[in-house]
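Visitor: Pasting a structure here, questions to come.
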Amino acid sequence: YTSTLGSYPYVAVNAFNLWGLFGLNWVSQETRLLFFSFETWGTIIIILIVLLSALFFFRAQNRKSRYFTTAGFLIISMFLFSIRMHERYLYPALALILFAYAVRPLKEFLECYLVFTIIHLYNTAYILYFYDPQNYSATTPLILTVSACTVICGISYYYTLCRYDIRQVSDTESTFTYLVAFKFRKRRKKAPAIHFSYEPASSESRIPFLKQDAIILFTIIALYSIFAFTDLGSMKAPQSGSLLEQGDTVTLYTGEDQTASYLYWYLGYYENRVFTLEYKTTEADAWQPVGENGQFTMSSVFAWSRISLPENCRYLRLTCISDKASLMELALADAEEMPFMPVNAPDYQELFNENDTFPAEGISFRNSTYFDEIYHARTAYEYLHGLHTYETTHPPLGKIIMSIGIAIFGMTPFGWRFMGTLLGVLMLPVIYLLARDISKNRLLAGFACTLFAFDFMHFAQTRLATIDVFVTFFILLMYYFMYRYSRLSFYDTPLKKTFIPLGACGIAMGLGIASKWTGIYAGIGLAVIFFMTLYRRYREYQYAVKNPLGSTGGILHTRIMASFRNHTTKTLAFCVVFFGLIPGLIYLLSYIPFVSGETGLWAKMIANQELMFNYHSSLNATHPYSSLWYEWPTMIRPIFYYSGIIGDTARQGISAFGNPLVWWAGIPAFVYMLYLVFQKKDRNALFLCIAYLAQYLPWVFVSRCTFIYHYFPSVPFVVLMLMYAALQLKELLPERKYYAALGIYAALTVALFCMFYPVLSGHTVSIEYVDTYLRWMKSWVLVYG
Numbered sequence: 001y002t003s004t005l006g007s008y009p010y011v012a013v014n015a016f017n018l019w020g021l022f023g024l025n026w027v028s029q030e031t032r033l034l035f036f037s038f039e040t041w042g043t044i045i046i047i048l049i050v051l052l053s054a055l056f057f058f059r060a061q062n063r064k065s066r067y068f069t070t071a072g073f074l075i076i077s078m079f080l081f082s083i084r085m086h087e088r089y090l091y092p093a094l095a096l097i098l099f100a101y102a103v104r105p106l107k108e109f110l111e112c113y114l115v116f117t118i119i120h121l122y123n124t125a126y127i128l129y130f131y132d133p134q135n136y137s138a139t140t141p142l143i144l145t146v147s148a149c150t151v152i153c154g155i156s157y158y159y160t161l162c163r164y165d166i167r168q169v170s171d172t173e174s175t176f177t178y179l180v181a182f183k184f185r186k187r188r189k190k191a192p193a194i195h196f197s198y199e200p201a202s203s204e205s206r207i208p209f210l211k212q213d214a215i216i217l218f219t220i221i222a223l224y225s226i227f228a229f230t231d232l233g234s235m236k237a238p239q240s241g242s243l244l245e246q247g248d249t250v251t252l253y254t255g256e257d258q259t260a261s262y263l264y265w266y267l268g269y270y271e272n273r274v275f276t277l278e279y280k281t282t283e284a285d286a287w288q289p290v291g292e293n294g295q296f297t298m299s300s301v302f303a304w305s306r307i308s309l310p311e312n313c314r315y316l317r318l319t320c321i322s323d324k325a326s327l328m329e330l331a332l333a334d335a336e337e338m339p340f341m342p343v344n345a346p347d348y349q350e351l352f353n354e355n356d357t358f359p360a361e362g363i364s365f366r367n368s369t370y371f372d373e374i375y376h377a378r379t380a381y382e383y384l385h386g387l388h389t390y391e392t393t394h395p396p397l398g399k400i401i402m403s404i405g406i407a408i409f410g411m412t413p414f415g416w417r418f419m420g421t422l423l424g425v426l427m428l429p430v431i432y433l434l435a436r437d438i439s440k441n442r443l444l445a446g447f448a449c450t451l452f453a454f455d456f457m458h459f460a461q462t463r464l465a466t467i468d469v470f471v472t473f474f475i476l477l478m479y480y481f482m483y484r485y486s487r488l489s490f491y492d493t494p495l496k497k498t499f500i501p502l503g504a505c506g507i508a509m510g511l512g513i514a515s516k517w518t519g520i521y522a523g524i525g526l527a528v529i530f531f532m533t534l535y536r537r538y539r540e541y542q543y544a545v546k547n548p549l550g551s552t553g554g555i556l557h558t559r560i561m562a563s564f565r566n567h568t569t570k571t572l573a574f575c576v577v578f579f580g581l582i583p584g585l586i587y588l589l590s591y592i593p594f595v596s597g598e599t600g601l602w603a604k605m606i607a608n609q610e611l612m613f614n615y616h617s618s619l620n621a622t623h624p625y626s627s628l629w630y631e632w633p634t635m636i637r638p639i640f641y642y643s644g645i646i647g648d649t650a651r652q653g654i655s656a657f658g659n660p661l662v663w664w665a666g667i668p669a670f671v672y673m674l675y676l677v678f679q680k681k682d683r684n685a686l687f688l689c690i691a692y693l694a695q696y697l698p699w700v701f702v703s704r705c706t707f708i709y710h711y712f713p714s715v716p717f718v719v720l721m722l723m724y725a726a727l728q729l730k731e732l733l734p735e736r737k738y739y740a741a742l743g744i745y746a747a748l749t750v751a752l753f754c755m756f757y758p759v760l761s762g763h764t765v766s767i768e769y770v771d772t773y774l775r776w777m778k779s780w781v782l783v784y785g
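When you line the sequence shown up against the numbering used here, it's residues 1 to 785, in that order.
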């Protein structure tokens, strides 16, 4: 809302804005400045809020929930009483109330969260979808009054809840009792606190990989692979061409019986090449520029493009203005867009020797690069051919892996997308094995594998030749190996055997970081899990010291006491090698195909680190499909990769976002994981929370332009949290109904995937179908038109 306080896109319903709209319009400006200095009163109130928050915090004494309730009180109070507050400032309070519920599961916290969610949705939805500051509506004061009343009621309830939280009463006592009959309430005994058990535990045995596992995995992989590799891209594209220098010309003659309406070209590895294009009808005519001045730019590399020609065009002259240009293929087409060869094509054999690659079906993602493929696929090609490296803002390994597909299938759309799609398939057995280890249940592992296979982001992102798929694959791999290590105890397992998953984890980490720097985020999570595991071994050692002659879990305490220091020292030394030296060596060796101005492997690597850091730290770009970190789980803004227009009512589009049954359900699943961590001390839930937050939380502090695909490395752990939440609910249903419910949920996930398949794969679809069935939010741009 806009008030006398000033005009903003949308301003929160709070006390000062209400006074400004209803109470101060009749007061003169001088009186307002004298008695109603909002800045002055705002400062005073902020100080009072901070003091009151501190009072609540210290009076809560030892309650863990005080951190969240106090922070929520602080934010909500600032929202209500500070000036020029926007609705978005209330979002953190919603999260804090959920955290408070996770720590102290009072139904009043959950009720409060639901009330605030409804209020916040009401306010924000009205502002974003209905309010027009340029066209004042007489209903605005009424809407504002209703909104303000709900906000004040909700906040009053929360203030009471904060007061209740600081009282030393039992968790089972209700707020209603506190409000109405607190003098007569009876104290109840608290349930005993649940703590992590540090009794020595034996290593977890692995479930053997049996025929059932093979059947489940093969079925999911085969079904997904059909979707993934179908229509991935053409296996034909120009492979040879001509390198033009500045001033070089190409003159074409169509013949007396033929005129050209379009000139097509396929550009090589130099982008934004400037040319002049001239035409004439007869040989005796003077050359005329095509367009206003005859100049045009060939921009996208390894992509077909075209330009329209004037009528009666029989002679064409193309002149290179840039210092050099790599032209892979040229083609002429008539008014019906049918290609034909110029009469003098033999004079330019390298430009007209692959006419079977002409995009007769039209220029599309099937025969050309799109989105960031113009950077990454091009650089993979340059690595193969020893050319100067163009894309230098990310480490090289992802493009090196991409180049394997190019080496096998050529520089074709199928070739540069093959390895990413293959790794998208290989993610499935990894997530299956990790889910099986966590749940100890093959059917639940198949459930998780199905959810991930048919997640929209997993499908769209792995079919695009960018590096995010490679870092996500290695992140999933490194957490799989770290999970295996964390479930082995070096008290009952030979130390060398524990080094196998630990070393594999370090190698996977090195490969991930060498693909993209976001692998470092995963490394932080791995470090947390590793040192928590070592701390557990230390506590088991302490437990053994207190009873040196006993045994627990089949492990003699004397063995624990004798091996702890030796095994810990060797494990730390092993980590120095496999999480320091070897990843560093992998990173350095990934620069072997990197060609730049520096000579020497070390010099190239160091110079590129400086370049990457400066680029990402100073990037101030904007993009119409960028989104902020807190918008990703709710999929407010999918990224729109590709658009094609097929007639008046049909379109093609490729978008990347999540399957609603995975991403939206993942939000309460994460909250449930927090509950399991804080209330049940569940180690698996803790592992999943750390893995998820390690990939997600760092983006909170990134100020540069971000996109929803940055959430992709978190998606495997969203799926695993859903699977683990489903495991906890197993006791609520009979076994047959339980597995039937899982099957129905997985089937609905696949059905949604099939429903959205056209806008994930680029297949032709009607605008009406997209608008009627697929555009669930107005912010979803799935096709143009």
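Beta carbons are placed, not taken as given, at the ideal position from N, Cα and C, and that holds for glycine.
Given the structure is predicted, the values throughout are model-derived calculations rather than measurements.
Identify the continuous alpha helix (DSSP H) that holds V471 and give its terminal residues.
Guide: The count along the sequence shown starts at 1 and reaches residue 471 at position 471. Here the alpha helix (DSSP H) through V471 covers 468-486.
Visitor: Identify the residues that DSSP records as bridge partners of P289: which are they?
Guide: Residue mapping note: residue 289 aligns to position 289 of the sequence shown, counting from 1. In the DSSP output, where bridge partners are listed per residue, P289 has E278.
Visitor: Closest to S305 by C-alpha separation, out of A333, L316, N293, T319, would be which residue?
Guide: One-based indexing of the sequence shown puts residue 305 at position 305. Per the Cα distances, A333.
Visitor: Do F456 and F296 have their C-beta atoms closer together than 8 angstroms?
Guide: Taking the first residue of the sequence shown as 1, we reach residue 456 at position 456. Taking the first residue of the sequence shown as 1, we reach residue 296 at position 296. Contact: no.
Visitor: The beta strand (DSSP E) with R306 in it runs from where to where?
Guide: Position 306 of the sequence shown, counting from 1, holds the residue named residue 306. Taken as a continuous stretch (DSSP letters only), the beta strand (DSSP E) holding R306 covers 304-308.
Visitor: What residue from A460, G597, L589 has the CA that sits closest to S655's CA?
Guide: To locate residue 655, count along the sequence shown from 1; it is residue 655. Nearest C-alpha to S655: A460.
Visitor: Is T634 helix, strand or coil when you go by DSSP?
Guide: Taking the first residue of the sequence shown as position 1, residue 634 is located at position 634. Three-state result, T634: coil.
Visitor: If we call anything under 8 angstroms between Cβ atoms a contact, is P395 one with K516?
Guide: What you label residue 395 is simply residue 395 of the sequence shown in a count that begins at 1. What you label residue 516 is simply residue 516 of the sequence shown in a count that begins at 1. It is a contact, given that the beta carbons lie within the stated cut-off.
Visitor: Give the C-beta separation of Y432 and G510 to the nearest angstrom, bearing in mind that I take them to be a contact with Cβ-Cβ under 8 angstroms.
Guide: By 1-based counting over the sequence shown, the position of residue 432 is 432. By 1-based counting over the sequence shown, the position of residue 510 is 510. 24 angstroms between Cβ atoms; not a contact.
Visitor: Rounded to whole angstroms, what is the Cα-Cα separation between I606 and V595?
Guide: Counting from 1 along the sequence shown, the entry for residue 606 is found at position 606. Counting from 1 along the sequence shown, the entry for residue 595 is found at position 595. Rounded to the nearest angstrom, the two C-alpha atoms are 13 angstroms apart.
Visitor: With DSSP as the reference, identify every bridge partner of W699, one or two as the case may be.
Guide: The count along the sequence shown starts at 1 and reaches residue 699 at position 699. In the DSSP output, where bridge partners are listed per residue, W699 has none listed.
Visitor: Between the segment 679-695 and the segment 421-430, are three or more C-beta pairs nearer than 8 angstroms?
Guide: With a cut-off of 8 angstroms, the segment 421-430 and the segment 679-695 do not count as touching, because too few Cβ pairs lie within range.
Visitor: Run through DSSP, which three-state label would P668 get?
Guide: Position 668 of the sequence shown, counting from 1, holds the residue named residue 668. Three-state result, P668: helix.
Visitor: What first and last residue would you give for the alpha helix (DSSP H) that runs through Q542?
Guide: In the sequence shown, counting from the first residue as 1, residue 542 sits at position 542. Where Q542 is concerned, the enclosing alpha helix (DSSP H) stretches over 519-546.
Visitor: From L434 to L722, what distance separates their C-alpha atoms?
Guide: For the purposes of this step, residue 434 is taken as the residue at position 434 of the sequence shown. For the purposes of this step, residue 722 is taken as the residue at position 722 of the sequence shown. For L434 and L722, the distance between alpha carbons rounds to 13 angstroms.
Visitor: Counting beta carbon pairs with one atom in the segment 205-214 and one in the segment 374-389, are three or more of them shorter than 8 angstroms?
Guide: With the cut-off at 8 angstroms, the segment 374-389 and the segment 205-214 do not touch.
Visitor: Look up A331 in the DSSP assignment and give the residues it is bridged to.
Guide: As a first step, residue 331 is located in the sequence shown; it is residue number 331 there, counting from the start. In the DSSP output, where bridge partners are listed per residue, A331 has Y264.
Visitor: Hey, F579 and G647 are a contact pair by Cβ (cut 8 angstroms); roughly how many whole angstroms apart?
Guide: Along the sequence shown, one-based indexing puts residue 579 at 579. Along the sequence shown, one-based indexing puts residue 647 at 647. Rounded, the Cβ-Cβ distance is 56 angstroms, inconsistent with contact.
Visitor: With H, G and I counted as helix, E and B as strand and the rest as coil, what does DSSP make of V770?
Guide: The sequence position of residue 770 within the sequence shown is 770, counting from 1. If DSSP states are grouped into helix, strand and coil, V770 belongs with the helices.
Visitor: Mind listing, in chain order, the continuous beta strand (DSSP E) runs of no fewer than 3 residues lying wholly within the segment 340-373?
Guide: Whole beta strand (DSSP E) segments, 3+ residues: zero.
Visitor: Tell me whether Q212 sits in a helix, a strand or coil according to DSSP, three-state version.
Guide: Taking the first residue of the sequence shown as position 1, residue 212 is located at position 212. DSSP places Q212 in helix when its eight states are reduced to three.
Visitor: Straight-line CA distance for A665 to K64?
Guide: Position 665 of the sequence shown, counted from the start, is the residue given in the question as residue 665. Position 64 of the sequence shown, counted from the start, is the residue given in the question as residue 64. One C-alpha to the other measures close to 27 angstroms.
Visitor: State the CB to CB distance for the pair L80 and N441, rounded to an integer number of angstroms; the pair is presumed to be in contact (CB under 8 angstroms).
Guide: Taking the first residue of the sequence shown as 1, we reach residue 80 at position 80. Taking the first residue of the sequence shown as 1, we reach residue 441 at position 441. Wrong, their Cβ atoms sit about 48 angstroms apart, outside the cutoff.
Visitor: With burial defined as no fewer than 16 other Cβ atoms inside 10 Å of the residue's Cβ, what is the status of S240: buried or exposed?
Guide: In the sequence shown, counting from the first residue as 1, residue 240 sits at position 240. By the neighbour-count rule (16 or more Cβ atoms within 10 Å), S240 is not buried but exposed.
Visitor: Return the chain-ordered list of same chain residues with a C-beta closer than 6 angstroms to the C-beta of G233, the five sequence neighbours on each side being excluded.
Guide: By one-based count along the sequence shown, residue 233 stands at place 233. So the list reads R366, P413, F414, R417, once near-sequence residues are dropped.
Visitor: Which of the three DSSP states is assigned to V783 in this structure?
Guide: By one-based count along the sequence shown, residue 783 stands at place 783. Coil.
Visitor: What residues match up with S515 in a beta bridge as DSSP calls it?
Guide: Working through the sequence shown from its first residue, we reach residue 515 at position 515. Note: S515 sits in no beta bridge, so no partner.
Visitor: For T764 and A650, which I take to be in contact (beta-carbon distance under 8 angstroms), what is that distance rounded to the nearest angstrom?
Guide: Sequence index remark: in the sequence shown, residue 764 carries index 764 (1-based). Sequence index remark: in the sequence shown, residue 650 carries index 650 (1-based). At roughly 5 angstroms, the Cβ-Cβ gap stays under 8 angstroms, so T764 and A650 are in contact.
Visitor: When you compare each of I363, S486, E278, L351 to A331 by their alpha carbons, which one comes out closest?
Guide: Here residue 331 is taken as the residue at index 331 of the sequence shown, counted from 1. Among I363, S486, E278, L351, the Cα nearest to that of A331 belongs to L351.
Visitor: For the alpha helix (DSSP H) that contains R565, what are its first and last residues?
Guide: Your numbering for residue 565 matches position 565 in the sequence shown. Per DSSP, R565 belongs to the alpha helix (DSSP H) from 557-576.
Visitor: Note down the Cα distance separating I97 from L733, rounded to an integer number of angstroms.
Guide: Counted from its first residue, the sequence shown places residue 97 at position 97. Counted from its first residue, the sequence shown places residue 733 at position 733. Cα to Cα, the separation comes out at about 30 angstroms.
Visitor: Do V103 and F678 come within 8 angstroms of each other at the CB atom, strictly closer than that value?
Guide: Locating residue 678 in the sequence shown gives position 678, counting from the first residue. Locating residue 103 in the sequence shown gives position 103, counting from the first residue. Result yes, Cβ atoms of F678 and V103 sit closer than 8 angstroms.
Visitor: Y264 and F358: beta carbons closer than 8 angstroms?
Guide: Locating residue 264 in the sequence shown gives position 264, counting from the first residue. Locating residue 358 in the sequence shown gives position 358, counting from the first residue. Yes, Cβ-Cβ distance for Y264 and F358 is below 8 angstroms.
Visitor: So what does DSSP say about A100, is it helix, strand or coil?
Guide: The residue you call residue 100 lines up with position 100 of the sequence shown. Helix.
Visitor: In terms of residue numbering, what span does the beta strand (DSSP E) encompassing S242 cover?
Guide: Here residue 242 corresponds to residue number 242 of the sequence shown, with the count starting at 1. That run of the beta strand (DSSP E) goes 242-245.
Visitor: Does DSSP classify Y301 as helix, strand or coil?
Guide: Here residue 301 is taken as the residue at index 301 of the sequence shown, counted from 1. Per the sequence shown, the amino acid found at residue 301 is Val instead of Tyr. The answer is coil: DSSP assigns V301 none of H, G, I, E or B.
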